[in-house]
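If you're matching positions, the sequence shown starts at 205 in this note's numbering and goes up one per residue.
Written out below as structure tokens is the structure these notes cover.
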Amino acid sequence: MKISYTAKNSYLDELQKKNKEKRLEIRKELFEKTIAKNKEENKSNYTNKEEGVLLDISEDAKQKAYKAANNPAAQLQKLYKKLREYESEVASLMKKLNFTDNDHEANQINEKIVELNQKISAIKEQIQNISKA
């Protein structure tokens, strides 16, 4: 018995479609089971997924958190951290610049260094303003 090429291809295509449909159904079932399991595990964390997470934060706690995040010491710490990052980046770019022979690449590195130096000077100015206040 001979099977024509087109009949064989159509049969294979049909099998592939059925397999794909079965895989999609199985994935959907697994996904639904996972969601149901996660809902059961996390019932204590939230009341209803559609409503979202319910948090009760008192005004006093909000004010304390705001003050802690916006006090001058915290701002100075953030600025110094950023300053160190930019300075280390400039140092690495300077090393890279010393070892490059390509003029185009050297110009790009110089532009980055200039931008970073401008950011560094702006940060230093902010630090001075905060220190004065």
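Cβ atoms here follow ideal geometry from the backbone N, Cα and C, with glycine treated the same way.
Here the structure is a predicted model, which is why all the values come from computation and not from measurement.
For the alpha helix (DSSP H) containing residue i, list its first residue and its last residue.
| i | result |
| --- | --- |
| Asp307 | Asp307 to Lys336 |
| Asn302 | Pro276 to Asn302 |
Using C-beta distances below 7 Å, list every residue in its chain close to residue i, excluding the 5 sequence neighbours before and after it, in chain order.
| i | result |
| --- | --- |
| Glu254 | Because Glu254 carries a pLDDT of 49, less than 50, the predicted location of this residue cannot be relied on, and the following value inherits that uncertainty. So no residue of the chain qualifies. |
Report the residue from the options whose alpha carbon sits nearest the alpha carbon of residue i.
| i | options | result |
| --- | --- | --- |
| Ser335 | Ile313, Asp307 and Tyr284 | Tyr284 |
| Leu280 | Ser214, Lys328 and Glu236 | Lys328 |
In chain order, what residues of the same chain lie with their CB nearer than 6 Å to the CB of residue i, ignoring the 5 residues before and after it?
| i | result |
| --- | --- |
| Ile331 | Leu283 |
| Pro276 | Ile334 |
| Leu216 | none |
| Tyr290 | Leu320, Lys323 and Ile324 |
At a cut-off of 7 Å, would you count residue i as near the ligand GDP, judging by its Cβ distance to the nearest heavy atom?
| i | result |
| --- | --- |
| Phe303 | As far as ligands go, the structure on display features none, and thus does not contain the ligand GDP. |
Taking 8 Å as the limit between beta carbons, can you name the residues of its chain near residue i, skipping five residues before and five after?
| i | result |
| --- | --- |
| Leu301 | Ala310, Ile313, Asn314 and Ile317 |
Using 8 Å as the threshold, is the stretch 289-299 in touch with the stretch 321-329, meaning 3 or more CB pairs across them?
yes
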